[in-house]
Amino acid sequence: MNEKDVLRAKFSKDPKRYYEVNLFTREGFIRKQCSNCGRFFWTLNQDRELCPEPPCQQYDFLGNPPTNRRFDYVDTWREIENFFVKNGHTSIKRYPVVCRWRPDLFFTVASIISFQRIEGGEVVFDMPANPLIIPQTCLRFNDIQNVGISGKHYSSFGMIGQHSILDGAGYWKDRCIDLDFELLTGPFGIRPEEVIFTEDVWVGFGAFGYSLEYNVRGLELGNAVFTEFKGTPSNYNIMQEKVIDMGAGLERFAWITQGTPTSYDSVFGPVMKQLIARSNLEYDQEFYLKYARIAGMFNIDEIPNIDTAKTHAAKKLKVSKEYLKNQTSGLEALYALADHARTLVFAIADGGLPSNVGGGYNLRVILRRALSFLDKFKWDISLEEVANWHIDYLKEIYPELEEHRDDVSTILHVEKQRYQNTLERTSKIVRNITKNKKSQSIDELIQLYDSEGITPDMLKKQGLQIEVPSDFYTKVTERHMMEKKDKERPKFDTDKLPPTRLLFYENQHLFEFTGTIVKIINGEYIILDQTAFYPRSGGQEPDHGFIGGSEVMDVEKYGNVVLHKVKGKQLAEGQQIRCTINVERRETLARHHTATHLVNGAAQKVLGSWVWQHSAYKDIDKARLDITHFAHLTDNEISKIESLANNAIRLNLPVKTEILTRSKAEQKYGFRLYQGGVVPTRDLRVLNISGWDVEACGGTHTSMTGDVGFIKILKSERIQDGIERIEFVGGEPALKHIQMRENILKEISETVESPQNKVVTVVTDLKRTNDILRKKQKQLIKELVYYEVPVMLKKAIEIKGLKVCVSKKEGLGEEYHVPVGDQAISTQPHLIYCGISLLEKSVRIFIFSGDEAQKNGVRANVIARNIAITLGGSGGGDSRFGQGGGNRITRINKLEDSLKNIISLHIKRE
RNA sequence: GGGCCGGUAGUUCAGUGGUAGAAUAUCCGACUUGCACUCGGAAGGUCGGGGGUUCAAAUCCCCCCCGGUCCA
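Just so you know, the first sequence maps onto residues 17 to 926 in my numbering.
Spelled out as structure tokens, the structure:
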């Protein structure tokens with residue numbers, strides 16, 4: 017039994033305490049245990065023996081919905097929203113699907129996530145209203161294989177979040193279930209005896225509780241979690257303020273009112289109509305409904321693969337497997353296409369970019385999956401069109417999608433291009449492989465998949481005979497198992513110390529202050545009661561300066577205290593001491609920090625709304641900003657960003673800060689606030705440069721943008737897929753940089769002896785001349801060979817019937833000896849050519865041995881190696897051509913004689 | 001966040017320390033002469049960049065740039 021089962025058993029032992037809500041006693045619900053799976057459930061129907069969930073019960077609403085009215089997706093939400101608002105709830109706009117407020121999640125996976133923040137390693141609940149209702153779009157990528165097939169799985173779905181904190185304004189479980197029951201039986205007109213509640217539990221990050229899941233005709237519609245405990249099931253406390261986390265599927269509510277074969281038909285209404293029309297897909301609707309009834313019973317999580325499930329279904333329907341596949345595969349692809357496109361619309365609108373790392377990887381996977389469906393079925397539909405149909409339909413609930421319509425198209429287009437390039441590349445690689453070999457080893461298969469993205473299936477399709485082990489993907493995963501190294505931070509016991517008062521937030525221009533030394537650790541870390549020293553944080557390097565006569569080398573925040581690392585004179589605890597901050601350093605850092613915000617704002621304006629700050633770093637000599645963007649920045653874009661940022665400086669805008677509670681700040685400015693990442697505090701310091709940038713920021717800044725002076729972008733580079741780094745300088749360092757470049761230019765212009773404005777022409781010319789000279793040299797040596805060879809042959813001496821000639825050249829190397837020697841032995845098979853090159857620190861030897869010479873035992877490589885050994889080096893080659901050398905230059909005088917000796921020794925005349 | 005693969009002639013790629021190659025495209029010539037084909041020849045390279053090891057580096061080591069790709 018897993019943790020969840022143990023917990024469920026525990027809570028079900030005491031139903032009165034946990035599960036028996038008001039509604040049950042008032043309306044006469046009976047508690048029963050499922051005779052099949054053993055779970056407990058509450059129902060008005062005395063005769064019911066089975067719990068209401070598949071596989072214990074099958075879908076009874078397909079073609080036969082239990083509601084009195086039919087709603088489409090949008091109207092379903094309107095109906096639910098109206099109901100809860102009438103009952104005292106505030107309707108909240110959805111939060112972004114890209115979850116920037118939780119460091120442990122890429123995407124918002126449940127409505128409650130929107131209101132969870134991490135504070136000091138603990139989850140806290142932070143709701144802008146109480147109670148509230150929210151149509152939270154959630155992204156989940158763990159069931160992609162089932163999307164389009166099961167009829168109910170999605171990569172993104174709307175979670176109706178009904179949330180309440182029991183703190184006076186909110187309510188607890190009785191009212192929650194009353195409301196949910198009333199929603200079903202009232203506005204949706206479902207008969208009370210059709211509503212069944214099942215006992216369940218829920219364990220989340222740092223909190224858990226018991227829950228009542230409600231089902232109608234086999235379909236789970238929602239799950240009301242009563243989050244009462246903080247911690248883990250083995251170690252917990254009862255929460256001060258208990259939280260209602262009721263999450264219901266908007267998709268399922270819409271589905272149950274319509275009773276269509278799949279929920280996709282109900283949810284994607286107009287989009288599905290367009291898709292079916294444009295794809296000219298024909299299928300038997302009657303048959304599909306019958307199939308859907310069976311497919312709905314599949315518990316896809318537990319079925320090894322879809323193929324066997326379909327075989328099963330075909331048997332039951334008494335048709336062939338092929339017929340079933342024909343009838344279903346096209347439609348399933350259309351459903352998946354609709355789902356994937358919708359997910360991409362939300363993700364991209366919220367600033368997510370497909371890439372090969374992080375959450376972007378999930379987005380790229382579904383994007384390519386969608387494109388591959390379009391390819392496979394050769395439908396003349398573009399992903400951009402599908403995205404636009406979704407926006408047309410959904411903008412009524414989610415008007416923000418309309419604002420990002422063009423961005424979505426832009427990014428989908430870029431990604432399609434990339435996908436096509438990859439396809440071409442892949443088929444080329446596969447072609448190469450198939451050319452050389454018919455089979456591949458398992459290691460080679462893994463290598464191909466891991467580094468090129470080529471799956472064994474793709475190879476099989478190309479006619480390769482390969483065997484794929486069943487643990488193939490496990491083996492791939494194993495390759496990625498690596499030890500994780502944690503950066504060690506020195507440990508200090510600072511828990512009992514009072515928090516350091518941060519003076520730089522009270523006055524940014526306080527550069528001198530008096531503090532009391534609270535503690536000194538290891539003789540070098542000083543903790544003061546208050547400090548104006550800014551510690552390293554938010555990518556900003558720390559202040560330097562003096563505490564008394566001791567120099568401050570580093571400042572870091574440790575919990576709630578600030579540690580100053582000092583060098584120099586001894587200080588004593590309890591001492592009151594005068595502190596001064598290096599003003600120039602601080603102001604440079606402040607200028608760079610404000611400049612970062614300006615560059616960020618400019619980049620968003622120049623490139624597009626998908627640009628977010630990924631990370632940033634501000635030092636005194638330069639600063640850098642990493643932004644999310646799908647392509648390499650062009651020179652033109654960089655200069656536009658630079659101009660725009662400098663424009664903001666000239667406008668001399670005020671740099672304002674205000675402290676807001678987190679939820680107020682989020683409501684007022686949106687999640688653009690979290691450019692620099694999550695801020696783990698209840699109150700946010702919001703930095704606002706009107707019209708340019710608003711973000712949560714704890715750094716020190718200039719008062720006006722004009723104080724930055726001047727921004728110069730140095731370079732941009734791609735640090736990973738989807739992230740561009742912009743490196744720049746501001747203020748004094750910017751000027752210094754320009755001056756440095758000026759000096760370089762001056763130096764070049766002096767070296768090439770031309771005015772600065774002609775330098776480019778002159779250097780271009782120099783390079784061209786150089787190229788021409790190199791070619792000419794080659795040509796000349798070729799000509800030289802023609803004249804040199806006869807001269808060389810005349811000088812040759814005879815040893816044991818063979819000819820030997822030695823040619824010594826200073827400075828000239830293989831470019832001379834190789835063609836000369838080559839030519840010489842090709843005309844004179846009895847010749848042994850010995851080239852000697854005298855270089856600065858070494859000697860090189862080139863030996864060519866003619867055909868006849870070789871036959872008489874003179875092997876060029878052997879000669880070369882032997883002579884090279886006397887030079888303190890080594891050599892090699894083949895019997896025709898050998899080379900070697902060494903660095904004992906002093907041996908050069910004896911070299912010619914030794915050569916003759918060695919050759920003479922090797923000649924074996926018969 | 002953690003990995004892996006690749007970068008050589010205009011193009012597609014061989015090349016595991018010893019003279020940088022093939023195919024194709026290009027140009028010239030021959031055969032034909034309407035195109036095509038065939039044959040012969042030529043030209044085309046800072047082997048992504050920099051540093052190191054070595055007598056010698058496309059090849060080995062380090063750093064960087066560019067492209068691709070997998071996993072969580």
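Even for Gly, the Cβ is constructed at its ideal location relative to N, Cα and C.
- Around the C-beta of N759, fewer than 16 other C-beta atoms lie within 10 Å, and the residue is accordingly described as exposed.
- Within the DSSP bridge table, the entry for G900 names I861 and G891 as partners.
- Relative to the Cα of G234, the nearest Cα in the group C154, C67 and V807 belongs to C67.
- Look at the stretch 823–860 and you find these whole runs of beta strand (DSSP E), each 3 residues long or longer: 847–854.
- Looking at the DSSP output, P151 shares a beta bridge with I176.
- In the displayed model, I643 falls within a strand according to three-state DSSP.
- By the neighbour-count definition (other C-beta atoms within 10 Å, threshold 16), N652 is an exposed residue.
- Under the three-state reduction of DSSP, Q736 is assigned to strand.
- Of the residues assessed, M262 falls on the buried side of the cut-off, its CB having 16 or more other CB atoms within 10 angstroms.
- Residue pairing from DSSP places C821 in a beta bridge opposite Y849.
- For L461, the enclosing alpha helix (DSSP H) stretches over residues I458 to E468.
- Rounded to the nearest whole angstrom, the CA to CA distance from G531 to H525 is 17 Å.
- By the neighbour-count criterion, in which 16 or more other beta carbons inside 10 Å mark a residue as buried, T153 falls on the buried side.
- Secondary structure note for C192: its alpha helix (DSSP H) is the uninterrupted segment K189 to T201.
- In this chain, the alpha helix (DSSP H) harbouring M288 covers G285 to S295.
- In the structure shown, the three-state DSSP call for V335 is coil.
- The C-alpha of A403 lies about 18 Å from the C-alpha of S282.
- Between the stretch 894–907 and the stretch 871–884, the count of Cβ pairs shorter than 8 Å is three or higher; the stretches touch.
- If you draw a straight line from the Cα of R85 to the Cα of G275, it is about 11 Å long.
- DSSP places H753 inside the alpha helix (DSSP H), whose first and last residues are E748 to T767.
- Take Y685, set aside five residues on each side of it, and the residues of its chain with a beta-carbon closer than 7 Å to its own are V702 and V710, in chain order.
- For S631, the enclosing beta strand (DSSP E) stretches over residues Q629 to K634.
- H648 counts as exposed, since fewer than 16 other C-beta atoms from the protein chains shown sit within 10 angstroms of its C-beta.
- Shown here, K394 sits in coil according to DSSP, grouped into three states, outside any helix or strand.
- Pairing I729 with I797 gives a Cβ-Cβ distance that is not under 8 Å.
- Distances from the alpha-carbon of N576 to those of V615, R517, S486 and V599 put R517 closest.
- Looking from the CA of F562, the closest CA among Q870, E198, S398 and Y550 belongs to Y550.
- Judged by DSSP in its simplified three-state form, T596 adopts strand.
- A residue is called buried when at least 16 other Cβ atoms come within 10 angstroms of its Cβ; V22 does not meet this threshold and is exposed.
- Here the alpha carbon of I413 sits roughly 16 Å from the alpha carbon of G265.
- Cβ contact annotation for H609 (same chain, cutoff 7 Å, sequence separation greater than five): Q556, K634, G715, T716 and H717, in chain order.
- Separation of K512 and F123 (C-alpha to C-alpha, rounded to the nearest whole angstrom) is 37 Å.
- Under the DSSP assignment, Q793 falls outside any beta strand (DSSP E), being part of the alpha helix (DSSP H) whose first and last residues are V775 to K811.
- Around the CB of Q793, fewer than 16 other CB atoms lie within 10 Å, so the residue is classed as exposed.
- Counting only runs of at least 3 residues, the stretch 665–690 fully encloses the following beta strand (DSSP E) elements, listed from N- to C-terminal order: 671–677.
- Exclusion of the five residues before and after I536 leaves I542, L587 and E589 as the residues of its chain whose Cβ lies within less than 7 Å of its Cβ.
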